[in-house]
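Okay, so here's the structure we're looking at.
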Amino acid sequence: MRLSSALLAITAREAFKVVAGGEQVPFTDTANTEHVDTPLNVAIIGAGAAGSSSAYHLAQFAQEANLPINITLFDRNPYIGGRSTTVNVYDDPAEPVELGASIFVEANQILLNATRAFNLSTTTDDDDDDDNQDSIPGAALAIWDGTTLLYQQTTEQTWWENAKLLWKYGLLSPLRTRSLQKSTITSFLNLYTSPHFPFESLTSAAAQVGLLPAATNVSGEDYLRAHGVGGAFAREVVQAATRVNYAQNLRWIHGVEAMVCLAAEGAMAVRGGYTLRFRDVVAAVDGSGEDSSSSSSEVEEDEEEE
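In terms of UniProt numbering, the sequence shown opens at residue 1 and continues consecutively.
In structure tokens form, the structure reads like this:
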């Protein structure tokens, strides 16, 4: 059996089944793991954000459950981080440029906790090192539809910019969108709190917190419309965010993704590049403190001899 080394998620529920007999070993009851002597071998295909994070948390949960485990990450690239990586302009380490995902928001507790666990310093827009930023001409924020500028944020006066926004799009759509975004993110974060976490079924957990089917089985466009948001605000403002983040229009992504695009509070970046987080995460799983990665082109299962 051949597996593409692009993306393969191995869930905690499946990865922590005892090989002999397929008996599941729950994390919450360490008494049931005392009989497990042979380490479980887990392969994760893809060493990007999802793969490296999965490896790290599987290792943490296994340690808490006294469960021996061997985790191997496979990736077609010879580095950790997937599409989030750092390259040096003209091969000069003094001029690093981050590619792919380079920032995260405060609501993303997994990434935020990782930066704290590995003592990585972060930076925000408020403490930008670029002293010449104020001298850059033009609007601080603008929405371009391919033909004209639909909206421009031209001053630092918040009250005036809010007034301009409300004058153009009305009062209800911005307020309803803001309320919907907060409630959706709150429901999403509840997935990682008791009594929903740890969960055996993501589908059941999503239903319990109210995301399924209300937010995940409908498009972002329909999700907004169901809550009284549509027209120009959905198309010009919310869809601008979904196109920037996912290169998708509202009708092609589900409601949760659309709301996540608007959760911009507390945006920050890792000093030295976000790839430092992936490096430290994988080094913690490996236990050696070193990056021992190499590229993989395919994974092939050996046939057992009879």
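The C-beta atom is built at its ideal place from N, Cα and C for all residues, glycine as well.
Original post:
Hey, Leu-262 and Ala-283: beta-carbon distance below 8 Å or not?
Top reply: no
Original post:
For Ala-101, which residues of its own chain have a beta-carbon under 8 Å away from its beta-carbon, when the five flanking residues on both sides are left out?
Top reply: Excluding sequence neighbours, Ala-101 sits near Ala-49, Arg-83, Ser-84 and Tyr-274.
Original post:
Would you report the Cα separation of Ile-80 and Val-87, rounded to the nearest angstrom?
Top reply: Rounded to the nearest angstrom, the two C-alpha atoms are 13 Å apart.
**OP:** Put Tyr-246 into one of helix, strand or coil per three-state DSSP.
**Re:** helix
Subject >> Residue range of the unbroken beta strand (DSSP E) whose run includes Glu-98 >> reply: 96-99
Original post:
Near Leu-212, what residues of its chain come up, given a Cβ to Cβ distance below 6 Å and the 5 sequence neighbours on each side ignored?
Top reply: Result list for Leu-212: Ala-206, in chain order.
Original post:
Tyr-192 to Glu-200, Cα distance in whole Å?
Top reply: Looking at the two C-alpha atoms, the distance is approximately 12 Å.
Original post:
Under a three-way DSSP split, which group does Val-282 fall into?
Top reply: helix
**OP:** Determine the burial state of residue 319: buried for a count of at least 16 other Cβ atoms within 10 Å of its Cβ, exposed for fewer.
**Re:** No answer is possible for residue 319: the residues shown for the chain start at 1 and end at 306.
Subject >> Trp-167: first and last residue of the uninterrupted alpha helix (DSSP H) it sits in >> reply: 158-169
Original post:
What is the DSSP secondary structure of Tyr-274, counted as helix, strand or coil?
Top reply: coil
Subject >> Environment of Ser-52 [buried if 16+ CB atoms lie within 10 Å] >> reply: Burial call: buried.
Original post:
For the candidate residues Gly-266, Val-218 and Ala-140, whose alpha-carbon lies nearest to that of Val-256?
Top reply: Val-218
**OP:** For Leu-171, count neighbouring C-beta atoms within 10 Å of its own C-beta (all shown protein chains included) and say buried if the count is 16 or more, exposed if not.
**Re:** exposed
Original post:
What span of residues does the alpha helix (DSSP H) with Val-260 cover, start to end?
Top reply: Secondary structure note for Val-260: its alpha helix (DSSP H) is the uninterrupted segment 255-260.
**OP:** Using a threshold of 8 Å, state whether the C-beta atoms of Gly-228 and Glu-106 are closer than that.
**Re:** no
**OP:** Check Ile-143 in the structure and name its three-state DSSP category.
**Re:** strand
Original post:
Quick one: what does DSSP say Leu-191 is sitting in, helix, strand or coil?
Top reply: coil
**OP:** Could you tell me if Leu-189 is buried or exposed, where buried requires 16 or more neighbouring beta carbons within 10 angstroms of its beta carbon?
**Re:** So Leu-189 ends up on the exposed side.
Subject >> Integer-rounded CB distance, given that Ala-47 should sit under 8 Å from Leu-73 >> reply: 5 Å
Original post:
Applying the criterion that 16 or more other CB atoms from any shown protein chain within 10 Å of the CB defines a buried residue, is Thr-124 buried or exposed?
Top reply: Answer is exposed; the Cβ neighbour count stays below 16.
Subject >> Val-105 in three-state terms, based on DSSP >> reply: coil
**OP:** Return the chain-ordered ranges of every beta strand (DSSP E) run that is complete within the region 42-77 and spans a minimum of 3 residues.
**Re:** 69-74
Original post:
How would you write the range of the beta strand (DSSP E) that Thr-86 sits in, first residue to last?
Top reply: 85-88
Original post:
Between the C-alpha atoms of Pro-68 and Asp-280, what's the straight-line distance to the nearest angstrom?
Top reply: Going from the Cα of Pro-68 to the Cα of Asp-280 covers about 21 Å.
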